[in-house]
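Residue numbers (our numbering): 11 to 409.
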Ligand SMILES: NC(=O)NCCC[C@H](N)C(=O)O
């Protein structure tokens, strides 16, 4: 019997339970003018995005992973505690409607959707101006009364499993900040997760931002965290204080990465694929700034300039022969092209066994040469949101 609710003490141990979100109608509310604000680079074709995502689900289920879906979990959480009205109000308070009459209509539309999962999906999808009846249409925003949340299929980011506890993120951008309400409801109300034994190490109400894609669980004691566009040092310090006193984690290695759009999280440029093997995007190696935050009375941040990343990892993880597999191999053009389409972002389902996108052929070849077993996912629509197999999955349990 499982005594804990969450168990993620490694990036690579056998994956048993994961949360995914099958992309839905929120993608059909993406329009060219909003792409930047909603953090997309193009408009995916929903039908194909769903088939690609279904293949991802099947691949995981075929290797024995329990796949849970975000909308289903949220609906079960709401129904279990009868908190539909409270949920709608909380969701609405962050939906920037700014008009009481329109808000009342939205509440009534949502309250009238009998199936809770459908109601949850409607909150994800957003509201077009044409869905609201008003005598004064000129006063409505151009297209949407409530924006869609197209990034929800990147379940890695709004919350993160660390050890036996959970981090609910404070997201960097307004568009993604709204997403964390779903994780919050799951861990507040879902019968499977409600327990005094589930530590919560960070809350969506914190001021400093942190996103799940920046957090890698390297071992029971060591985390890697990206200081990126999305994750601030202040949030890492707050998190470290909690972790160092309430969990098994004792050391955090910080990677300072640049603000480039395609490097938005650490896991877009660095992922762990085996006990001593990591994939790294070569562009970040030059001028890589590394720091160590460790459990100590002072908790000072130590700059790690002197040593090579391999040596640092070897010492921190207590394993020998660390090897860094370069995304794109020695081909700098392939490296950039493949990183853009998440060549350095793979989901480990067991040590030395990862899910990768089919299109990153140069990097995939390097992985094979390094002895890594690949599970290949064909994909041309999901990539338009700039995230790979790791970004699209949130492990809840690894053995
Ligand atoms: N962990 C990740 O790197 N997630 C990918 C997030 C992509 C999304 N369009 C974003 O910009 O937030």
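Quick reminder that beta carbons are idealized off the backbone N, C-alpha and C, glycines included.
Environment of residue 271 [buried if 16+ CB atoms lie within 10 Å]: It is exposed - the Cβ of residue 271 has fewer than 16 other Cβ atoms within 10 Å.
The stretch 39 to 46 / the stretch 362 to 375 touching (three or more Cβ pairs under 8 angstroms): Cβ pair count under 8 angstroms is below three, so no.
In DSSP terms, what residue 27 is bridged to: Answer by DSSP bridge pairing, in chain order: 76 and 407.
Start and end residues, beta strand (DSSP E) containing residue 287: 287 to 290 is the extent of the beta strand (DSSP E) around residue 287.
The stretch 339 to 354 contacting the stretch 250 to 267, beta-carbon criterion three pairs below 8 angstroms: Between the stretch 339 to 354 and the stretch 250 to 267 there are fewer than three C-beta pairs closer than 8 angstroms, too few to call the two in contact.
Strand pairing of residue 235, partner residues [DSSP]: Answer by DSSP bridge pairing, in chain order: 225 and 264.
6 angstroms Cβ shell around residue 269 - same chain, five flanking residues per side excluded: Here residue 269 has 239 as same chain residues with Cβ atoms under 6 angstroms from its own Cβ, once five neighbours each way along the sequence are excluded.
Whole-Å CB distance - residue 218 paired with residue 242, under 8 angstroms assumed: Rounded, the Cβ-Cβ distance is 5 angstroms, consistent with contact.
Run of the beta strand (DSSP E) containing residue 179, from where it starts to where it stops: Going by DSSP, residue 179 is part of no beta strand (DSSP E) at all; its letter is neither H nor E.
Pairwise C-alpha distance: residue 220 and residue 337: Taking the straight line joining both Cα atoms gives about 25 angstroms.
Residue 97 - containing alpha helix (DSSP H), residue span: Residue 97 -> alpha helix (DSSP H) spans 94 to 103.
Contact test: residue 396 Cβ vs ligand 1 heavy atom, cutoff 7 angstroms: Yes, since a heavy atom of ligand 1 falls inside the 7 angstroms radius drawn around the Cβ of residue 396.
Candidates 396, 274 and 298, of which the one nearest residue 263 by Cα: When each option's Cα is compared against that of residue 263, the closest is 298.
Nearest neighbour of residue 387, chosen from 403, 54, 31 and 63 [CA to CA]: Nearest C-alpha to residue 387: 63.
Close Cβ partners of residue 53 (< 6 angstroms) along its chain, the five nearest in sequence each way excluded: Apart from sequence neighbours up to five positions away, the residues of its chain that approach residue 53 with a beta-carbon distance below 6 angstroms are 40, ordered along the chain.
Continuous alpha helix (DSSP H) stretch holding residue 191: start and end: Per DSSP, the unbroken alpha helix (DSSP H) holding residue 191 starts and ends at 190 to 199.
Three CB pairs or more closer than 8 angstroms across the stretch 195 to 212 and the stretch 222 to 235: Contact between the stretch 195 to 212 and the stretch 222 to 235 is absent: fewer than 3 CB-CB pairs across the two stretches fall below 8 angstroms.
For residue 136, the residue or residues it bridges with in DSSP: DSSP, once it has assigned bridges, lists no residue as partnering residue 136.
Option nearest residue 170 by Cα separation, candidates 19, 384, 67 and 265: For residue 170, the closest of 19, 384, 67 and 265 by C-alpha to C-alpha distance is 19.
Minimum C-alpha distance to residue 160 - residue among 152, 369 and 35: Nearest of 152, 369 and 35 to residue 160, Cα basis: 35.
Per DSSP, cross-strand counterpart(s) of residue 210: As a beta-bridge residue in DSSP terms, residue 210 pairs with 176.
Contact the stretch 372 to 389 vs the stretch 309 to 328: 3+ CB pairs below 8 angstroms: Judged by Cβ distances under 8 angstroms, the stretch 372 to 389 makes no contact with the stretch 309 to 328, as fewer than three pairs qualify.
Distance cut-off 7 angstroms: residue 186 Cβ against heavy atoms of ligand 1: Here the distance from the Cβ of residue 186 to the nearest heavy atom of ligand 1 is below 7 angstroms.
Candidates 49, 77, 135 and 208, of which the one nearest residue 26 by Cα: Ranked by how close their Cα comes to the Cα of residue 26, the residues 49, 77, 135 and 208 have 77 in first place.
Candidates 315, 311, 58 and 258, of which the one nearest residue 295 by Cα: The shortest C-alpha separation from residue 295 is found at 315.
C-alpha gap between residue 279 and residue 354, whole angstroms: Straight-line measurement puts the Cα of residue 354 at about 5 angstroms from the Cα of residue 279.
CA nearest to the CA of residue 109, picked from 155, 122, 187 and 368: When each option's Cα is compared against that of residue 109, the closest is 155.
Those runs of the alpha helix (DSSP H) which lie wholly inside the stretch 323 to 361 and span at least 4 residues: Those alpha helix (DSSP H) runs which fall completely within the stretch 323 to 361 and span 4+ residues are 342 to 350.
Residues that DSSP places opposite residue 241 in a beta bridge: Partner(s): none; residue 241 has no beta bridge.
Collapsed DSSP secondary structure at residue 304 in the structure displayed: In the three-state DSSP reduction, residue 304 falls in the strand class (E or B).
Residue 186 in three-state terms, based on DSSP: In the structure shown, residue 186 sits in a helix (DSSP, three-state: H, G or I).
Three-pair Cβ contact test at 8 angstroms for the stretch 172 to 190 versus the stretch 86 to 93: When Cβ pairs closer than 8 angstroms are counted between the two stretches, the stretch 172 to 190 is seen not to touch the stretch 86 to 93, the count staying below three.
Residues that residue 277 bridges to, as DSSP identifies them: For residue 277, which the question treats as bridged, DSSP gives no partner whatsoever.
Collapsed DSSP secondary structure at residue 363 in the structure displayed: DSSP places residue 363 in strand when its eight states are reduced to three.
Which listed residue (260, 248, 72 and 266) has its alpha carbon closest to that of residue 411: No answer is possible for residue 411: it lies beyond the span of the chain, which begins at 11 and ends at 409.
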